[in-house]
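**Q**
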Amino acid sequence: MRRYDHLFFDLDHTLWDFETNSRLAMQQTILELKLESQIIDFEQFIHYYEQINSQLWELFRKQEIRKPELIRQRFEQTLSHFEIHGTDPMVMNDHYLKRMPLQKKLYPGVIETLEHLQQKGYQMHIITNGFTEVQHQKIESSGLSPYFQRVFISEEIQAPKPDKRIFQYALSSCNAKKERSIMIGDSWESDIVGARNFGISQIFIDNTGSFPQKTNTPPLKNSFIKTSPPKNTTHIIKSIKELTQLL
7 MRRYDHLFFD LDHTLWDFET NSRLAMQQTI LELKLESQII DFEQFIHYYE
57 QINSQLWELF RKQEIRKPEL IRQRFEQTLS HFEIHGTDPM VMNDHYLKRM
107 PLQKKLYPGV IETLEHLQQK GYQMHIITNG FTEVQHQKIE SSGLSPYFQR
157 VFISEEIQAP KPDKRIFQYA LSSCNAKKER SIMIGDSWES DIVGARNFGI
207 SQIFIDNTGS FPQKTNTPPL KNSFIKTSPP KNTTHIIKSI KELTQLL
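Residue numbers (my numbering): 7 to 253.
Here it is in structure tokens:
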């Protein structure tokens with residue numbers, strides 16, 4: 007008898023290759039706005055933008071800034087840092103957000119893994135932090151939509167992970183029991199700690215080697231997932247492909 011019925015997946019950095027897709031969208035945006043002559047080193051530009059964007063998203067998750075501040079500041083600060091003048095940060099953001107969700111790069115093995123889990127009868131859903139108009143389009147454009155029954159987006163629910171409310175809303179909407187549900191994601195804080203605090207088990211996909219060294223949660227043996235683990239357990243894998251062996 008399998009241990010879980012409902013699998014809740016994160017989207018960005020777990021299924022959808024955010025870094026690759028973001029960079030492709032940024033390159034297209036720069037060309038559309040004819041900024042290539044002012045951005046001599048794309049790697050420096052995108053690296054700085056990624057740092058600023060990450061910092062602002064952290065503030066957004068903590069509800070210390072609002073959406074308009076996030077989308078303006080990430081381009082405003084980046085353009086200012088590289089002394090690029092004459093480009094409206096909001097115009098650049100609009101171009102970028104139109105291009106980004108059209109990108110289709112998924113991590114290796116994602117579709118094959120989802121097909122395998124779907125054939126085994128799991129009910130699969132997505133819980134993602136992000137903007138509604140962008141996240142739905144990502145899922146549709148990349149071919150993920152046939153595998154998921156429900157999609158829960160933080161902007162719609164007004165509660166970003168790791169807030170317990172988004173997990174509560176998702177499980178209640180799916181009529182899922184905590185002990186029969188598991189969260190799968192790449193963010194230790196948002197996905198793993200959030201799900202653990204809510205009271206459901208988790209699988210941490212450590213695809214960047216970012217597993218916190220100072221933790222009291224050891225990796226579990228594969229057999230634990232398949233049989234009867236203690237309540238609210240954490241499992242750690244390196245690739246999404248390993249799910250076919252665990253579940």
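By construction, the Cβ of each residue, glycine as well, lies at the ideal position given by its N, Cα and C atoms.
Between which two residues does the beta strand (DSSP E) containing S187 stretch?
**A** To locate residue 187, count along the sequence shown from 1; it is residue 181. Per DSSP, S187 belongs to the beta strand (DSSP E) from S187 to G191.
**Q** In whole angstroms, what is the alpha-carbon distance linking E56 and S193?
**A** Counting from one through the sequence shown, the residue named residue 56 turns up at place 50. Counting from one through the sequence shown, the residue named residue 193 turns up at place 187. Each residue's Cα considered, the two are about 16 angstroms apart.
**Q** Contact defined as beta carbons within less than 8 angstroms: I believe I133 pairs with F158. What is the distance between those atoms, to the nearest angstrom?
**A** The count along the sequence shown starts at 1 and reaches residue 133 at position 127. The count along the sequence shown starts at 1 and reaches residue 158 at position 152. About 5 angstroms separates the two Cβ atoms, so the contact holds.
**Q** Apart from the five residues on each side of it in sequence, which residues of its chain come closer than 8 angstroms, Cβ to Cβ, to L76?
**A** Taking the first residue of the sequence shown as 1, we reach residue 76 at position 70. Cβ contact annotation for L76 (same chain, cutoff 8 angstroms, sequence separation greater than five): L62, W63, L65 and F66, in chain order.
**Q** Thinking C-beta only, is H131 closer than 8 angstroms to H19?
**A** What you label residue 19 is simply residue 13 of the sequence shown in a count that begins at 1. What you label residue 131 is simply residue 125 of the sequence shown in a count that begins at 1. Contact flag unset, no.
**Q** Tell me W22's beta-bridge partners as DSSP assigns them.
**A** Within the sequence shown, the letter at position 16 stands for residue 22. Residue pairing from DSSP places W22 in a beta bridge opposite D18 and L112.
**Q** Kindly confirm or deny that the stretch 110-124 and the stretch 78-85 touch, where touching means at least three C-beta pairs closer than 8 angstroms.
**A** Contact between the stretch 110-124 and the stretch 78-85 is absent, because fewer than three Cβ pairs lie under 8 angstroms.
**Q** Per DSSP, what kind of secondary structure is H91 in: helix, strand or coil?
**A** Locating residue 91 in the sequence shown gives position 85, where the first residue counts as 1. Looking at H91 - three-state DSSP - the assignment turns out to be coil, as it is neither helix nor strand.
**Q** Report the rounded CA-to-CA distance for S60 versus L39, giving the unit in angstroms.
**A** What you label residue 60 is simply residue 54 of the sequence shown in a count that begins at 1. What you label residue 39 is simply residue 33 of the sequence shown in a count that begins at 1. Distance between the alpha carbons of S60 and L39: 24 angstroms.
**Q** Going by the C-beta, is D197 closer than 7 angstroms to any heavy atom of the ligand SAM?
**A** The ligand content of the structure shown is nil, which means the ligand SAM is not present either.
**Q** In terms of alpha-carbon separation, which member of E161, F15 and I90 lies closest to F154?
**A** One-based indexing of the sequence shown puts residue 154 at position 148. If we check each option's Cα against that of F154, F15 comes out closest.
**Q** Per DSSP, V157 is paired with what?
**A** Within the sequence shown, the letter at position 151 stands for residue 157. V157 is bridged to I132.
**Q** Whole angstroms is fine: what's the gap from I36's alpha carbon to L30's?
**A** Mapped onto the sequence shown, residue 36 falls at position 30. Mapped onto the sequence shown, residue 30 falls at position 24. When rounded, the distance between both Cα atoms is 10 angstroms.
**Q** Rounded to a whole number of angstroms, what is the C-alpha to C-alpha distance between P166 and L17?
**A** Along the sequence shown, read from residue 1 onward, the residue named residue 166 stands at position 160. Along the sequence shown, read from residue 1 onward, the residue named residue 17 stands at position 11. Spanning the alpha carbons of P166 and L17 requires a straight line of approximately 13 angstroms.
**Q** Let's test the definition: count the other Cβ atoms within 10 Å of the Cβ of V97 and tell me whether it reaches 16, buried, or not, exposed.
**A** Mapped onto the sequence shown, residue 97 falls at position 91. The residue in question, V97, is exposed, as its Cβ has fewer than 16 Cβ neighbours within 10 Å.
**Q** Taking its Cβ as the centre, do 16 or more other Cβ atoms sit within 10 Å of K144, making it buried, or is it exposed?
**A** Looking up residue 144 in the sequence shown gives position 138. Result: buried.
**Q** Nearest-angstrom Cα distance between R72 and E82?
**A** For the purposes of this step, residue 72 is identified with residue 66 of the sequence shown, where counting begins at 1. For the purposes of this step, residue 82 is identified with residue 76 of the sequence shown, where counting begins at 1. Near 15 angstroms, if we compare the C-alpha coordinates of E82 and R72.
**Q** Quick one: give me the first and last residue of the alpha helix (DSSP H) that T138 is part of.
**A** Within the sequence shown, residue 138 is the residue found at index 132, counting from 1. In the DSSP annotation of this structure, the continuous segment of the alpha helix (DSSP H) that includes T138 starts and ends at T138 to S147.
**Q** Between T26 and K111, which are expected to be in contact by the criterion C-beta below 8 angstroms, what is the C-beta distance as a whole number of angstroms?
**A** In the sequence shown, residue 26 corresponds to position 20, counting from 1. In the sequence shown, residue 111 corresponds to position 105, counting from 1. About 5 angstroms; that satisfies the 8 angstroms criterion.
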